[in-house]
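A short write-up of the structure that comes next.
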């Protein structure tokens with residue numbers, strides 16, 4: 015390897031460390047022009063290309079690196095690139111090869127992410143545990159364990175995982191949010207609200223926190239406060255149909271049917287196949303004595319989901335009248 019090639023390589027690494035990836039790419043390319051067999055330069059070029067989302071070029075660079083020498087770094091980078099283009103099966107192959115060379119917590123972590131995205135939650139948990147055996151303070155791994163336990167409806171295990179994250183770093187916002195949602199799932203609404211309020215104090219523009227806070231307040235039968243939180247969530251992101259749907263439910267529970275209808279129709283405009291919104295809109299129309307519009311809503315819900323027994327029941331009752 016020539017000194018000039020190495021100089022460009024070291025320059026590229028400095029650019030990457032400062033997240034100036036475009037300049038890093040140029041430096042690594044110059045290094046490779048001088049020394050076409052510089053494996054590390056191809057590997058680092060792959061990472062820099064991936065960081066600017068040039069995934070096809072990144073894969074090409076990692077492949078060239080691996081033709082020269084199969085290293086854990088190049089295999090991990092290849093796996094990471096495949097993960098980000100959602101080719102999870104090929105990503106798994108790359109991460110597994112990387113682990114045969116170097117037992118890395120991050121390779122185990124991204125293997126878990128691949129299996130998570132494939133819906134194989136138990137296997138994902140196995141790899142998270144392997145990652146944690148290497149690094150027990152791995153925040154992302156503990157947090158992801160909690161998320162998987164929540165999906166598997168193992169609320170206490172989820173709670174334990176999120177609390178472990180916060181013992182390591184009590185400012186880790188994803189775990190504060192997840193702890194709040196888990197406490198709500200367990201019916202511990204006061205504690206849930208404290209978590210969500212704490213998150214909003216730090217990150218006041220967090221749509222998800224305001225949205226979930228609104229749901230918790232509604233479950234606590236605090237309609238006015240719930241409505242204010244939904245309004246804030248919608249102010250932050252007006253393109254989320256769920257917020258309009260749930261806001262419509264709160265308005266209907268307060269007897270404000272006209273505004274409820276408007277909110278539910280907005281949800282449907284954003285997501286025309288929104289079965290739950292059609293059902294809720296049908297209920298509001300029915301309570302407003304507008305049986306014709308109610309029937310249309312329930313029939314649309316049934317069209318979207320032919321096994322919707324509630325829609326069938328509502329249609330039957332309306333047609334019997």
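Numbering (our numbering), first residue to last: 15 to 335. Even glycine gets a Cβ: it sits at the ideal position worked out from N, Cα and C.
| Check | Outcome |
| --- | --- |
| Environment of residue 255 [buried if 16+ CB atoms lie within 10 Å] | buried |
| 6 Å Cβ shell around residue 302 - same chain, five flanking residues per side excluded | 271 |
| Option nearest residue 297 by Cα separation, candidates 127, 244, 287 and 269 | 269 |
| Inter-residue Cα distance where the pair is residue 242 and residue 284 | 21 Å |
| N-terminal and C-terminal residue of the alpha helix (DSSP H) that residue 255 is part of | 255-267 |
| Contact between the stretch 37-45 and the stretch 59-73 (3+ Cβ pairs under 8 Å) | yes |
| Check whether residue 139 and residue 162 have beta carbons under 7 Å apart | yes |
| Cut-off 8 Å between Cβ atoms - residues of its own chain near residue 203, not counting five sequence neighbours on either side | 197, 230, 233 and 234 |
| Top-ranked residue by Cα proximity to residue 82, from 56, 260 and 264 | 56 |
| Cβ-Cβ distance between residue 213 and residue 190 below 7 Å | yes |
| Chain-order list of residues whose beta-carbon lies under 7 Å from that of residue 97 (same chain, five-residue window excluded) | 105, 124, 127 and 128 |
| Outcome for residue 294 when other beta-carbon atoms lying within 10 angstroms are tallied against a minimum of 16 | buried |
| Neighbourhood of residue 58 by C-beta, 8 Å cutoff - its chain only, sequence neighbours within 5 removed | 23, 26, 27, 30, 38 and 42 |
| Collapsed DSSP secondary structure at residue 202 in the structure displayed | coil |
| Cβ neighbour criterion (16 or more within 10 Å) applied to residue 330 | exposed |
| Same chain only: Cβ atoms within 6 Å of residue 159, ignoring 5 sequence neighbours per side | 142 and 175 |
| Reduced DSSP category for residue 293 - H, G, I as helix; E, B as strand; rest coil | helix |
| Secondary structure of residue 21, DSSP reduced to three states | helix |
| Below-7 Å beta-carbon distance, residue 200 vs any chain C residue | In the structure shown, chain C cannot be found, because there is only a single protein chain. |
| Cutoff 7 Å; reference residue 257; Cβ partners in own chain excluding five residues on either side | 225, 244, 247 and 248 |
| 6 Å CB neighbourhood of residue 291 in its chain, flanking five on each side removed | 259, 278, 281 and 282 |
| Where residue 147 falls: helix, strand or coil (DSSP) | helix |
| Rounded straight-line distance, which links the Cα of residue 199 to that of residue 168 | 10 Å |
| Local Cβ density within 10 Å of residue 181, reported as buried at 16 or more and exposed below that | exposed |
| Whole-Å CB distance - residue 19 paired with residue 49, under 8 Å assumed | 4 Å |
| Coil, strand or helix - residue 240 by DSSP | helix |
| Cα-Cα separation between residue 371 and residue 194, rounded to whole angstroms | With the chain running from 15 to 335 in the structure shown, residue 371 is simply not present. |
| Cβ-Cβ distance between residue 210 and residue 223 below 7 Å | yes |
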